[in-house]
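J.: Just dropping this structure here.
Protein chains: 2
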Amino acid sequence: MNKLKKSRLGIAFGLAAILLFTGATKVQAAEKIVHDAEYYILEAQNGEAWAKEDKALDKKLAELRKKYGQPPNIIHIMWDDTSFGDVGIPAISKIRGFETPNINRMAEEGILFTRMYTEPGCTPSRAAVATGRYAIRSGMYRIGFPVEYSGIRKEEVTIAEVMSKAGYATAFYGKWHLGDIEEAYPHNQGYDETLFSVYNQVMSLFNEIGEGANAVMGLKEEMLIPDPYKLDNSFVPKGYVMTIEGKKGQLGQEWGGTTHDDYLKAEAEFKKRTIEFIRKNAKAGKPFYVANWPLLTSFMPNPKKMTVSRGLYTDTMQHNVDAFIGQIMDELKKLGIAENTLLIVMADNGPMVHNPPPGLGMTETIFRGGKGDFLEGGVRVPAFAWWPGVIEPEQIVGDIIHETDLYTTFAKLGSAIQHIPTDRIVDGVDQTALLFSGDTHGRRDYVFIYAGPTLAASVKGNWKRHWISGDPTEGSGIGAAYYYLLHDTREKFPMLVNALPQNEAFARMRKRHELWKEKYPDSTRAHGPAFTGLSNARPETTALSKPSVEMNKLPFDPLEFINHELPWETDVDPDIGQ
Amino acid sequence: MNKLKKSRLGIAFGLAAILLFTGATKVQAAEKIVHDAEYYILEAQNGEAWAKEDKALDKKLAELRKKYGQPPNIIHIMWDDTSFGDVGIPAISKIRGFETPNINRMAEEGILFTRMYTEPGCTPSRAAVATGRYAIRSGMYRIGFPVEYSGIRKEEVTIAEVMSKAGYATAFYGKWHLGDIEEAYPHNQGYDETLFSVYNQVMSLFNEIGEGANAVMGLKEEMLIPDPYKLDNSFVPKGYVMTIEGKKGQLGQEWGGTTHDDYLKAEAEFKKRTIEFIRKNAKAGKPFYVANWPLLTSFMPNPKKMTVSRGLYTDTMQHNVDAFIGQIMDELKKLGIAENTLLIVMADNGPMVHNPPPGLGMTETIFRGGKGDFLEGGVRVPAFAWWPGVIEPEQIVGDIIHETDLYTTFAKLGSAIQHIPTDRIVDGVDQTALLFSGDTHGRRDYVFIYAGPTLAASVKGNWKRHWISGDPTEGSGIGAAYYYLLHDTREKFPMLVNALPQNEAFARMRKRHELWKEKYPDSTRAHGPAFTGLSNARPETTALSKPSVEMNKLPFDPLEFINHELPWETDVDPDIGQ
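Sequences listed follow chains A and B, in order. Count along the first sequence starting at 1, add 1302, and that's the number in the numbering used here. Count along the second sequence starting at 1, add 1302, and that's the number in the numbering used here.
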């Protein structure tokens, strides 16, 4: 069996090597960005047309720069857990009972993407945008909860580092969720100014009021009746930091406390500072890149409903996120910089349809699945681009775009391409042509979708290949799980006979992707003590970086685990579907 | 058990009687249309406002009539099996890989309904529109296949009869599917001119080419290898009529034969005659009502794909149905009658997602379920209204409207309300205000959804109550299956505690509906010999009206069954969920 496998790999490698030859040589020769293997298959066929298109785009960008005296500003708003269709499509808003007039306006005046792909969860999605790389490559594929003792590695080169080198002012406000260790803080990852929540929305319940309101299990041990059988007091760590404020090159500070009130204050402050940052740089005439990744919603039940739909999500989407987007658009116009600013708004992944808090109001709107799933419902999100005068109005774009593409495209717009590292794979493809020229001008027809560390599915054009499945009747093991997305938007009817032309092609595509990793291997997340690097650390948080059991009573080092990768919460046998 | 039931019924009756008192008296006093019980609950609360609104509407209608010298023309196009969202919403068109530019134009220039409800299958849906009554009331709740020996009863008063009495020219072209007996033919049901297919799309396979192309089971017995165990040669009748042509008061004629070519020719002829009928009456200055219910698509595989989506359905929707709608709109403008013509286009029920022919290309787009299901996916369809100068452009309407409402609304527009029978329940509510004044001007907040003869679900506002379920964990029997449609568009999460305020209210609503039937009972479909009333009947079709087994060899009358109601194909224990 092992022998057979080896020999099959050998054949595959030989074949892939032939197919890769041209692309690989090019990369080594020119010190260009190293893309995923599949990109070179496309470049080999479209490279000439793209080069010609790029010349025209470079000219346009130069003209814009001349006109405004600086490269364009970039604002990236990425909120949580939204079904494609829920925002920006008025007919669906009616069905869902809430409205997003400002996102609708973005769609009317700009681009509505129908195929923006993300990673399937908050942490991996944020890592992908920040690094331009699939989360598997940085090891950031698990969703973090307190206390995780790990985070994004300092060796990763974030979009903030890239843009900073090109002279941009950079800032991060909102839900970072990329680790609770010092090197992972955004101000240690290239952002000039930051105010960020370390974890996610669950923090809104992680306090006394949350306990009372939910009254289900007890999130805080202090509230529980002592368990008479309890032997281990160290299993669940106590204490954490909710929000940190930081400036590049300085120690961070805990901002506010951990009450629900602090949670709500932080949400408001993220917005306030984003607007202030925009104003300040507009005034100074300095190009800026700012990421505002909203906390979206507190998970606390809200007795005062604000939409007909009356969900925590639907209420906050309309009155918090959409309203803020409108505020940004108005502010840009007021400051006179709208025509030199790219605004991208999007969700980070699909809706939380599995085990949501009560009354959340998320649903599968068109696609099957949600957050955590490799189905379209998990990874195909609403996304919009607005740039008056540059992006044509009323565009519905059918090209595939991946969130990592933002990294490369932002760098291109900021004349910062040369600051992208060339010693690793950068999945992000330059999609400037798609922004400037619209539908059918995309440069990607593929996506690899990982479920944690496991390759779960590949998208190529309108076809999708599931590599793993929890359903033993789906036939993944023998290769039957092909889906034609235009007919079968919900990935419910696996094909084999009808997908024959795609069969071997998908196998080659996967093998190329895997063999390319032998040359450019995946990295891992960094591990270490939590919440160091804070100038105002509380004793409880300082205590979190030390073991809660006396070390001399143990026959092993309790901190040793931090040097090892932790598993994905829904671990899959990596051999399935190979 | 029986005793308990009786006493519960008694209490319910008493309660309902009190609640019904006002409405029932009113109806008897004024000889008005008899609506379903629920309507009177709404009228008691909104009647005054409606009366006021009606005065203004009557004035507007009178002005229009003065301007054009005749009441408005009405065109009703109703094709098969389409998911809400699949047509008229460009962002979803991208996802599905086909386009409907003309329906999109209708939405831009008119109304897109987000809550048009139908019956869950072709035959019941057509019966509901034709009679203004739920299909259960006419007994037309089964989907007909050859040979059914039954059809819509002559005592039903169709919209064509109502409009004819008000001086309209009326015509029916397309898929009638309301029976294969003489009294059921549309020209015997009030339509002046007809060319209609007796059954549905399956007929496109019911011939030698269809056999070959599908090559699965053998639809025609003549093609099969004789079964050596076969004892009964009468079980599946042989022969049928595909298309009939008719004129009011005359015998019908079989039009063409039963080949696939005849099927395609009929589709083209339905369109041609519709346009001719419109032209003729426009020229004559005679108000007209014409129903074109397209055959939609042949089920024969089409080797020449016509959309990126490459489905039988998607191809035909774009190149056949949508193109025809565009042709109609252009024709109305060319004839100068667009501003005095109401055009309504819609699907008859949800997509055929259960057991479709290969390559059909239908999917659940937003709602769960499809044709045959009492879920939103089965009964909530795309629907659009266009009437330049009268219906305001770009309206997305969130009011509930039921296909039976078209009956009453068409009658209202044609000054034909007085021809609607008052001796039976007419479910159709006058929705003229919704057409003229738009969103929030609807007069219905409820729908009763039947699965065959069984009440399966009730919709009230944004809540839905499932009364039956195939899933024993859904809790229908004890009353747990409430769904909040704005959060849970896919009806996947039954509620009980969160739906407490709705609990008893739904029970009362159902009981009122049922008690009202004691006064105005359901009718049944008519039964009889098939394909009589044709001037050119072939011997094979004439033979179908006689038993295929020699009668004197039987101890019973083999035709006796035609006097009895046949069961629904997915029969449900009527006691479940009571």
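For every residue, glycine included, the Cβ atom is placed at its ideal position computed from N, Cα and C.
Per DSSP, what are the beta-bridge partners of Asn1375 of chain A in this structure?
T.: Per DSSP, A:Thr1643.
J.: Which residues in the same chain have their Cβ closer than 8 Å to the Cβ of Glu1410 of chain B, if we skip the five residues on either side of it in sequence?
T.: Answer for Glu1410 of chain B: Pro1695 and Glu1696, listed in chain order.
J.: Over what stretch of residues does the beta strand (DSSP E) that includes Val1592 of chain A continue unbroken?
T.: Unbroken beta strand (DSSP E) run through Val1592 of chain A: Phe1590 to Trp1595.
J.: Here's the rule: buried if 16 or more other CB atoms are within 10 angstroms of the residue's CB, otherwise exposed. What is Ala1839 of chain A?
T.: Ala1839 of chain A is buried by the Cβ-count criterion.
J.: Considering only C-alpha positions, which residue in the set A:Lys1766, A:Ser1771, A:Asp1747 and A:Arg1745 is nearest to Thr1756 of chain A?
T.: Closest option to Thr1756 of chain A, Cα to Cα, is A:Ser1771.
J.: For His1789 of chain B, return the contacting residues in chain A, with the cut-off set at a CB-CB distance below 7 Å.
T.: Result: Ser1611, Gly1613, Gly1663 and Thr1665.
J.: Does chain B have any CB closer than 7 Å to the CB of Ile1698 of chain A?
T.: Closer than 7 Å: yes.
J.: Give a yes or no on whether the minimum CB-CB distance between Pro1605 of chain A and chain B is below 7 Å.
T.: Not one chain B Cβ lies under 7 Å of Pro1605 of chain A.
J.: Less than 8 Å between the CB atoms is what I'm expecting for Tyr1542 of chain A and Thr1560 of chain A, so what's the real figure, rounded?
T.: Contact flag correct, Cβ pair sits at about 7 Å.
J.: In the region 1381–1415 of chain A, which residues sit with their C-beta less than 9 Å from some C-beta in chain B, listed in chain order?
T.: Under the 9 Å Cβ criterion, the region 1381–1415 of chain A contributes Phe1386, Gly1387, Gly1390, Ile1391, Pro1392, Ala1393, Ile1394, Ser1395, Lys1396, Ile1397, Arg1398, Gly1399, Phe1400, Ala1409 and Leu1414.
J.: Do Ala1832 of chain A and Tyr1451 of chain A have their CB atoms nearer than 7 Å?
T.: Cβ atoms of Ala1832 of chain A and Tyr1451 of chain A: closer than 7 Å.
J.: DSSP has Ser1760 of chain B in a bridge; who is on the other side?
T.: The partner list for Ser1760 of chain B (beta bridge, DSSP) reads B:Phe1750 and B:Arg1767.
J.: Can you list, in chain order, the residues of its chain with a C-beta nearer than 6 Å to that of Trp1478 of chain A? Leave out the 5 residues immediately preceding and following it.
T.: Excluding positions up to five away in sequence, the list reads Pro1488 and Phe1498.
J.: Check this for me: beta carbons of Met1608 of chain B and Asp1617 of chain B, under 7 Å apart or not?
T.: Contact flag set, yes.
J.: For the putative contact between Pro1603 of chain A and Gly1469 of chain A, defined by C-beta atoms under 8 Å, what is the C-beta separation to the nearest angstrom?
T.: In fact, because the Cβ distance is near 46 Å, the residues do not count as touching under 8 Å.
J.: Look up His1704 of chain A in the DSSP assignment and say whether it is helix, strand or coil.
T.: Strand.
J.: Less than 8 Å between the CB atoms is what I'm expecting for Met1442 of chain B and Ala1462 of chain B, so what's the real figure, rounded?
T.: Incorrect: roughly 16 Å between the Cβ atoms, too far for contact.
J.: DSSP has Glu1556 of chain B in a bridge; who is on the other side?
T.: Answer is B:Ile1546, bridged to Glu1556 of chain B.
J.: For Thr1425 of chain B, which residues from the same chain have a beta carbon less than 7 Å from its beta carbon, with the 5 sequence-adjacent residues on both sides left out?
T.: Excluding residues within five positions, the ones whose Cβ falls inside 7 Å are Met1442, Arg1444, Ile1445, Gly1446, His1479 and Leu1480.
J.: If you run the structure through DSSP and keep just helix, strand and coil, what is Thr1472 of chain B?
T.: Note: Thr1472 of chain B maps to strand in three-state DSSP.
J.: Expressed to the nearest angstrom, what Euclidean distance is found between the alpha-carbon atoms of Gly1652 of chain A and Ala1685 of chain B?
T.: Taking the straight line from one Cα to the other gives about 28 Å.
J.: Measure the beta-carbon distance from Asn1764 of chain A to Gly1661 of chain B and round it to whole angstroms, keeping in mind my assumption that it falls under 8 Å.
T.: About 14 Å separates the two Cβ atoms, so there is no contact after all.
J.: Look at the alpha carbon of Ile1580 of chain B and the alpha carbon of Lys1574 of chain B, and state the distance between them as a whole number of angstroms.
T.: Using only the alpha carbons, I get a separation of about 10 Å.
J.: Output, in chain order, the set of chain A residues within a Cβ distance shorter than 8 Å of Arg1746 of chain B.
T.: Chain A residues near Arg1746 of chain B: none, gap ~16 Å exceeds 8 Å.
J.: Which residues of chain A have a Cβ atom closer than 7 Å to the Cβ of Arg1792 of chain B, listed in chain order?
T.: The answer, in chain order, is Thr1665 and Glu1666.
J.: At the level of alpha carbons, what is the spacing between Ala1331 of chain A and Glu1458 of chain A?
T.: At Ala1331 of chain A, the pLDDT of 41 sits below 50, so the modelled position is not reliable; the number obtained from the coordinates is stated separately. About 24 Å.
J.: Note down, in chain order, every chain A residue with its Cβ under 9 Å from the Cβ of Asn1764 of chain B.
T.: Simply Gly1399, Val1610 and Ser1611.
J.: Give the DSSP-derived three-state secondary structure of Lys1477 of chain A in the structure shown.
T.: Note: Lys1477 of chain A maps to strand in three-state DSSP.
J.: Provide the residue(s) that pair with Gly1453 of chain B in DSSP beta bridges, ordered along the chain.
T.: In DSSP, Gly1453 of chain B forms a bridge with B:Gly1481 and B:Ala1828.
J.: For the candidate residues B:Thr1667, B:Asp1564, B:Val1610 and B:Pro1539, whose alpha-carbon lies nearest to that of Ile1397 of chain A?
T.: Checked all of B:Thr1667, B:Asp1564, B:Val1610 and B:Pro1539; the closest Cα to Ile1397 of chain A is B:Thr1667.
J.: Report the CB separation of Val1655 of chain B from Leu1414 of chain B in whole angstroms; it is logged as a contact under 8 Å.
T.: Contact flag wrong, Cβ pair sits at about 23 Å.
J.: Which residues in the same chain as Asp1624 of chain A place their Cβ atom closer than 8 Å to its Cβ, once the five residues preceding and following it in sequence are excluded?
T.: Val1389, Glu1401, Thr1402, Pro1403, Asn1404 and Ile1405.
J.: Quick one, which of A:Arg1435, A:Met1408 and A:Lys1361 has its alpha-carbon nearest Thr1826 of chain A's?
T.: Looking at the Cα atoms, A:Arg1435 is the closest of the given residues.
J.: For Lys1307 of chain B and Arg1812 of chain B, I'd like the C-alpha separation in whole angstroms.
T.: Bear in mind that a pLDDT of 39 at Lys1307 of chain B, under 50, signals an unreliable position, so the model cannot answer this.
J.: Where does Pro1857 of chain A land, buried or exposed, given buried means 16+ other C-beta within 10 angstroms?
T.: Its Cβ having fewer than 16 others within 10 Å, Pro1857 of chain A is exposed.
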